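Numbering (our numbering), first residue to last: 128 to 264.
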Amino acid sequence: MNVLVDTSIWSLALRRSPIHEIPAEQRQQIQLLEELILAGRARLLGLVRQELLSGIKRQEQFVRLRGQLRTFPDVELEGADYERAAEMNNKCRSHGVSGNLTDYLICSVSSSRDWAIYTSDRDFDRYARHLDIKLYS
Numbered sequence: 128m129n130v131l132v133d134t135s136i137w138s139l140a141l142r143r144s145p146i147h148e149i150p151a152e153q154r155q156q157i158q159l160l161e162e163l164i165l166a167g168r169a170r171l172l173g174l175v176r177q178e179l180l181s182g183i184k185r186q187e188q189f190v191r192l193r194g195q196l197r198t199f200p201d202v203e204l205e206g207a208d209y210e211r212a213a214e215m216n217n218k219c220r221s222h223g224v225s226g227n228l229t230d231y232l233i234c235s236v237s238s239s240r241d242w243a244i245y246t247s248d249r250d251f252d253r254y255a256r257h258l259d260i261k262l263y264s
C-alpha cells in the first residue's frame, strides 16, 4: 500500500537538526519514512511540497530541499479530490472538529486511493474518528 506522507514527517526528515540531537521517537519516524522511500511507497502532495519549501530564509537551503523533493513526483489530483476534502471538512466541523485545508486534502486523497497517512500531527487522530482514513505507524 502507498502512504501519503504529511508535512510534519517530511519536515522532520529533511529540515531536521543533526541526527544525534533528535529524540529516539523522532529518529524512529525518520527511519520509517526512509523504509517507505526505499520501498517506493512514499507519496507527496504538491501542496505539501509548497508547505515544506515555504518560509526558508537561506536560498542555498531552499535549493537543497527543493532538489531533495524533486525526487518525488506530485500525486495527480482531480476536482473530485477537492470536493471530497470540502465534504470531509464539513463533516468534521459538524462534529466540532476543525482543521486546515491541507489536512483535509490529504484525508481526501488517501481515502479515495485507499492509502494510509503518515503523520506526527495529532489532529489526524481527531479526523480519523469521523472520516474513513487510515493512519500509518
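Glycine is no exception: its CB is placed at the ideal position from the N, C-alpha and C atoms. Fair warning: this is a prediction, and the values are worked out from it, not measured in the lab.
query	result
Secondary structure of Ala213, DSSP reduced to three states	helix
Own chain partners of Ser237 with C-beta closer than 6 Å, once the 5 adjacent residues on each side are dropped	Leu131, Ile244, Ile260
Own chain, CB closer than 8 Å to Val224, minus 5 neighbours either side, in chain order	Arg253, Tyr254, Arg256, His257
Reduced DSSP category for Val202 - H, G, I as helix; E, B as strand; rest coil	coil
Cross-strand partners of Leu171 (DSSP beta bridge)	Asp201
Ile157 vs Leu139 beta-carbon contact at 9 Å	yes
For Lys218, three-class secondary structure by DSSP	helix
Proximity below 9 Å, CB of Ser239 to CB of Ala207	yes
Separation of Gly182 from Lys218, as counted between CA atoms	31 Å
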